[in-house]
Amino acid sequence: MINVLLVGAPNSGKSALFNRLTGLKHKVANYPGITIDVGSGSLTSNPQVTLWDFPGTYSLSPVSGEERIAIAGLRSALHDSQDALVAMVLDATRLEKGLTYCLQVAREAAQAGKSFVVLLNMMDLIESDSLELDVSGLGTALGVSIYPVSARTAKGIAAVEQALQTGDQNVAPWADTPDALIRGTAQQIGKRFTPKGDLLVRRQALIDQWLLGTVSGGFAFVIIMTLFFQAIFTWAAPLMDGVEAVVIAIGSIMTSVMPEGFLADFVGDAIFGGLGAFLVFVPLVFILTLIIGALEDSGYLARAALICHRPLSLFGLSGKSFVPLLSGVACAIPAIYAARTMSSMQERLLTYVAIPLMPCSARLPVYALLIAILIPNETALGGLIGWQGLAMSAIYFFGISTALLVAAVVNRMGDRDRSGGPFILELPAYRLPASRTIFSAALNRAGHFVRKAGSAIFAVTVVVWFFGYFPNGGEDLSSSWLASIGRFIEPVFSPLGLDWRYGVAIIASFLAREVFVGTLGTIFGIESADADLVPLADQITASGLTVASGAALVVFFTIALQCVSTVALLAREANSARFAVTLMTGYLVLAWVAAFVVYNLAAALLS
Ligand SMILES: Nc1nc2c(ncn2[C@@H]2O[C@H](COP(=O)(O)OP(=O)(O)OP(=O)(O)O)[C@@H](O)[C@H]2O)c(=O)[nH]1
Ligand SMILES: [Mg+2]
């Protein structure tokens, strides 16, 4: 057994190397502080070797809570485990950044009598920019074995694999060097070996002049974000149409070959009507994750965090909240984890308050369905802007502003003596996004989305279908058991102009928001007398959902906290069940009231 400890500065490519060596899929992104927990896996070519992927740290003196845990973990692994080997990952393009930590850990490892090797990562960039780097000289100066490698192209991986399996590597010669000398030496070595010919650096500085300029930076930010939301809708539309066509085609064939009756009705209404209605929206999640991944990997996200620091501080948040909040656009769960890197507890709690209001991808199917019903599928400016995409941007804008406003209000209510500290963020280099990684991450996410929501939706649609089909065999939905139950809860929703069918779907969506779509699909499936499958949006349009009620639904889903996992995780991470339950109740009440106001306003305006 050999334990390889992969350590190094944030964003140096530890997780990327880890994934290469183990075949696993830890999250990789061009933003410092992505890995927040120590993870492990065994070497693909030799299960006897276990790799440990550590969160990045700049030095042995921790700043954030996560760093403290990482360093404590590293120390105990060094001193307790028998066969530990430290593999220090250095970013060859930013040597100076990692060297102090490198020598500090080398000393610590030497004191524990453990071997130490350096993996000099990102060598592909050194080559593609024709930079000069004296690799063996650097190894000699550090007094350890050094392996040039690229996690991106896999060049040098075989040699690394070989090295990690042979435990008898050098012990670094720094055991007795005092800390001050370590720092001085690291600086000297950094100066001497920094890659020559810094074309790369100058080109990047030029880009930053634009993207971080006061006026041009803000302008670029707005454009990039607008494109982001337009792209989600525009690119996903053909995929969604494709999935819909396939679902309907298969469903029609299936139901037509089955003998008429109970089973055919079940397959048509519950499976293809319910589950199928939800599947249509999966491409949206895929595209969303793809675009966020590309943004992350390009290095722009850190710039965006910097640009947002000042505006966010108006609401009591800061640039540190930016990435947790943006992750919330995909899903609240990783967003809550991402907030762990924030050092101030108060700011972290405020971020938790805002996260559930971020328009997460579980809401996407609901919005997309309602937009398809309410907004004509037309374009303006010669096809440049689609009204449906614009409506989606508006809903997202509404969700995000509500999140910020609520944070500001909560911030005002609390005491304002906060010690958030200055906002320091290392700006990663601009890079071409790694298409392979972000594609597989997006596929993973979409798969996860289908599995998680799919099983909930399947269970709910079966139950809903059962109660909606009986006791009269689907002949008359309005006299089914489901309708009786629905009429009982109807008074809660009729002030929003919604009848019992929507009430049932909303109640069901407390399991997972996406269930809303599946449930409506099933209900309308039972209701429609003809055997042909029809897209759900068309059925709802035909049933006469008013614009005012549609708007009320959008507002309700934007604000309501209908996600059991989020509430549970919030209770754990904030260490307070009261906090989580208060948040949930508060957002429910607020959601209903806001929906009520919007419904009445819209009804008055449109009448
Ligand atoms: N060009 C190039 N990019 C790389 C290489 N290795 C990693 N990257 C990119 O560098 C960025 C950071 O990689 P990660 O593996 O997330 O870095 P990390 O060290 O785990 O970072 P933290 O978890 O934040 O400490 C990502 O955008 C990777 O795609 C490489 O060899 N070449
Ligand atoms: Mg990592």
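For the sequence shown, counting from 1, position 471 maps to 464 in the numbering used here; every step adds exactly one.
Where is the CB? At the ideal position from N, CA and C, for every residue including glycine.
#### Entry: Inter-residue spacing [alpha-carbon to alpha-carbon] between Asn163 and Ser108
If you number the sequence shown from 1, residue 163 lands on position 170. If you number the sequence shown from 1, residue 108 lands on position 115. Approximately 5 angstroms between the Cα atoms of the pair.
### Task
Select from Gly375, Leu362, Gln381, Ala361 the residue whose C-alpha is nearest the C-alpha of Pro369.
The residue you call residue 369 lines up with position 376 of the sequence shown. Ranked by Cα distance from Pro369, the options Gly375, Leu362, Gln381, Ala361 are led by Gln381.
### Query
At what residue ranges does the stretch 75 to 126 contain a whole run of the alpha helix (DSSP H), taking only runs of 4 or more?
Here the runs fully enclosed are 88 to 104, 116 to 121.
### Message
At the level of alpha carbons, what is the spacing between Pro349 and Leu581?
### Response
Your numbering for residue 349 matches position 356 in the sequence shown. Your numbering for residue 581 matches position 588 in the sequence shown. Rounded to the nearest whole angstrom, the C-alpha separation of Pro349 and Leu581 is 12 angstroms.
### Tyr389 versus Leu363 - alpha carbon distance
Translated into the one-based positions of the sequence shown, residue 389 becomes position 396. Translated into the one-based positions of the sequence shown, residue 363 becomes position 370. Rounded to whole angstroms, the separation of the alpha carbons of Leu363 and Tyr389 is 14 angstroms.
### Query
In three-state DSSP terms, what is Ser245?
As a working mapping, residue 245 is identified with position 252 in the sequence shown. Under the three-state reduction of DSSP, Ser245 is assigned to helix.
### Message
Checking the sheet assignment: what are the DSSP bridge partners for Trp45?
### Response
Position 52 of the sequence shown, counted from the start, is the residue given in the question as residue 45. Trp45 pairs with Leu(-2), Ser33.
### Message
Strictly by DSSP, which residues pair up with Tyr140?
### Response
Start at 1 with the first residue of the sequence shown, and residue 140 comes out as number 147. Note: Tyr140 is bridge-paired with Leu112 in the DSSP secondary-structure output.
### Task
Going by CA-CA distance only, name the one from Val560, Gly543, Ala570 that's closest to Leu599.
For this step, residue 599 is matched to residue 606 along the sequence shown. With distances taken between Cα atoms, Leu599 lies closest to Gly543.
### Message
What I want to know is whether the C-beta of Met351 ends up closer than 7 angstroms to one or more non-hydrogen atoms of ligand 1.
### Response
Here residue 351 refers to the residue found at position 358 when the sequence shown is read from its first residue. Not under cutoff, so the answer is no.
### Task
Leaving out five residues on either side along the sequence, give the residues of the same chain with a beta carbon under 8 angstroms from the beta carbon of Ser138.
For the purposes of this step, residue 138 is taken as residue 145 along the sequence shown, with counting starting at 1. Correct list, in chain order: Val110, Val111, Gly132, Ala156, Gln162, Asn163.
### Query
Is Ile64 near ligand 2, in the sense that its beta carbon is under 7 angstroms from a heavy atom of that ligand?
As a working note, residue 64 is residue 71 in the sequence shown. At a cut-off of 7 angstroms, the beta-carbon of Ile64 does not count as near ligand 2: no heavy atom of the ligand is closer than that.
### Message
Taking its Cβ as the centre, do 16 or more other Cβ atoms sit within 10 Å of Leu398, making it buried, or is it exposed?
### Response
To locate residue 398, count along the sequence shown from 1; it is residue 405. Counting Cβ neighbours within 10 Å, Leu398 comes out exposed, since fewer than 16 surround it.
### Query
Among the residues of its own chain, which have a CB less than 8 angstroms from the CB of Phe589, if the five just before and after it don't count?
Looking up residue 589 in the sequence shown gives position 596. The residues are Pro488, Leu489, Ala545.
### Query
Would you say Pro3 and Ile29 are within 8 angstroms of each other, going by their C-beta atoms?
Here residue 3 refers to the residue found at position 10 when the sequence shown is read from its first residue. Here residue 29 refers to the residue found at position 36 when the sequence shown is read from its first residue. The answer is no: Cβ separation not under 8 angstroms.
#### Entry: Burial state of Ala65 (16 or more Cβ within 10 Å)
The residue given as residue 65 occupies position 72 in the sequence shown. So Ala65 ends up on the exposed side.
### Query
Rounded to a whole number of angstroms, what is the C-alpha to C-alpha distance between Tyr622 and Arg145?
Any property of residue 622 remains undetermined from this structure, which presents the chain solely from -6 to 600.
#### Entry: Selected residue, minimal CA-CA separation from Phe265, among Gln75, Phe451, Lys20, Gln104
Looking up residue 265 in the sequence shown gives position 272. Looking only at Gln75, Phe451, Lys20, Gln104, the smallest Cα-Cα distance to Phe265 is reached by Phe451.
### Task
Return the CA-CA distance between Val557 and Ala505, expressed in angstroms with no decimal places.
Here residue 557 corresponds to residue number 564 of the sequence shown, with the count starting at 1. Here residue 505 corresponds to residue number 512 of the sequence shown, with the count starting at 1. Linking Val557 to Ala505 through their CA atoms gives a straight-line distance of about 8 angstroms.
### Query
With a CB to CB cut of under 7 angstroms and the five nearest residues on each side skipped, what residues in its chain are close to Ile326?
Sequence index remark: in the sequence shown, residue 326 carries index 333 (1-based). Leaving aside the five residues that flank Ile326 on each side, the residues in its chain whose CB is nearer than 7 angstroms to its CB run, in chain order, Ser558, Thr559, Leu562.
### Task
May I ask you to report which of helix, strand or coil DSSP gives Asn39?
One-based indexing of the sequence shown puts residue 39 at position 46. In the structure shown, Asn39 falls within a strand segment according to DSSP collapsed to helix, strand and coil.
### Neighbourhood of Ala541 by C-beta distance below 7 angstroms, restricted to the same chain and skipping five residues each side
Taking the sequence shown and counting its residues from 1, one reaches residue 541 at position 548. The residues are Gly490, Tyr592, Ala595, Ala596, Leu599.
### Whole runs of the beta strand (DSSP E) within the stretch 256 to 313, excluding any shorter than 3 residues
Within the stretch 256 to 313, no complete beta strand (DSSP E) run reaches 3 residues.
#### Entry: Boundaries (first-last residue) of the alpha helix (DSSP H) holding Asp73
Numbered from its first residue, the sequence shown carries residue 73 at position 80. Per DSSP, Asp73 belongs to the alpha helix (DSSP H) from 58 to 73.
### Query
Residues in its own chain within less than 8 angstroms of Gln75 by CB, not counting five upstream and five downstream?
Position 82 of the sequence shown, counted from the start, is the residue given in the question as residue 75. Counting only Cβ-Cβ distances below 8 angstroms, and skipping sequence neighbours, we find Met(-6).
### Message
Just to confirm, is the Cβ distance from Asn114 to Leu92 under 8 angstroms?
### Response
Start at 1 with the first residue of the sequence shown, and residue 114 comes out as number 121. Start at 1 with the first residue of the sequence shown, and residue 92 comes out as number 99. Contact: no.
### Query
If you count every other CB in all the chains shown that lies within 10 Å of the CB of Phe274, and 16 or more means buried, which is it?
Within the sequence shown, residue 274 is the residue found at index 281, counting from 1. Counting Cβ neighbours within 10 Å, Phe274 comes out buried, since at least 16 surround it.
### Task
Report the partner residues of Gly379 according to the DSSP bridge assignment.
What you label residue 379 is simply residue 386 of the sequence shown in a count that begins at 1. Note: Gly379 sits in a beta bridge opposite Thr372.
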